[in-house]
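Under UniProt numbering, the residues of the sequence shown are numbered 1 to 141, in order.
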Amino acid sequence: MAGRDSSNAAVMYHTAMGERLGLGMTEEKTLDLLQRLGPMTAGEIAQHTGLAPASVSGLIDRLEGKWLVRRIRDTKDRRRVIVEINQERLAGFGELFEPFVAALAELYERYTDEQLEVILDYLTRSTALQREATAGLADGA
1 MAGRDSSNAA VMYHTAMGER LGLGMTEEKT LDLLQRLGPM TAGEIAQHTG LAPASVSGLI
61 DRLEGKWLVR RIRDTKDRRR VIVEINQERL AGFGELFEPF VAALAELYER YTDEQLEVIL
121 DYLTRSTALQ REATAGLADG A
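What follows is the structure in C-alpha cells.
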C-alpha cells in the first residue's frame, strides 16, 4: 500500500507540475531524461521511456512544437538525428522544483548511509521492474 501511495503521489505531483508548465506528464518526464542524460536519438528515448517508437515521434513533435527541444543532425553521422533540450526555453522551470528538492534533502538527513544504501537498492530494483512492465505494455505483452 505504501508503494501505491508513493506512486499515486508522484503521478499527482508531476501532473500538477505539468499543468503548471503547460506539459503532459510524459513530456515533462522526457525533458527530465534529456536533462539528466543529455541529447539522445528517438530510439534512445524509446529505450529509456519504454514507449513505442511511434509514440516517441509524436512526443518529440509536441516538445519541438513548444520550442522545448530541437532535432539536430549528428555531426559524425548526418543520417542520425539527435534530440536536445532548448536550454533557453527551460530557464526558470527548475525553480518550481526547488521546494520539493529541499524537502527531500531534509528527509535524507534523517537516514544513515547504510539505510540510504538499502533505500537506493530498493528504488533501483523497483524502477527496473517498472521499466520492464512498461516495455511489456508497449510491446502488447
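Backbone N, C-alpha and C fix where the C-beta goes; we use that ideal spot for every residue, glycine too.
As the structure is a prediction and not an experimental result, all values here were calculated from the model.
- A buried status is given to THR30, since no fewer than 16 other beta-carbon atoms sit within 10 Å of its beta-carbon.
- Our two residues, PRO99 and ARG79, have alpha carbons roughly 42 Å apart in a direct line.
- The continuous alpha helix (DSSP H) containing ARG62 extends over residues 53-65.
- By DSSP's assignment, VAL81 forms a beta bridge with ARG73.
- In the displayed model, MET1 falls within coil according to three-state DSSP, outside both helix and strand.
- Taking a 10 Å sphere around the C-beta of THR49, we find 16 or more other C-beta atoms and assign the residue as buried.
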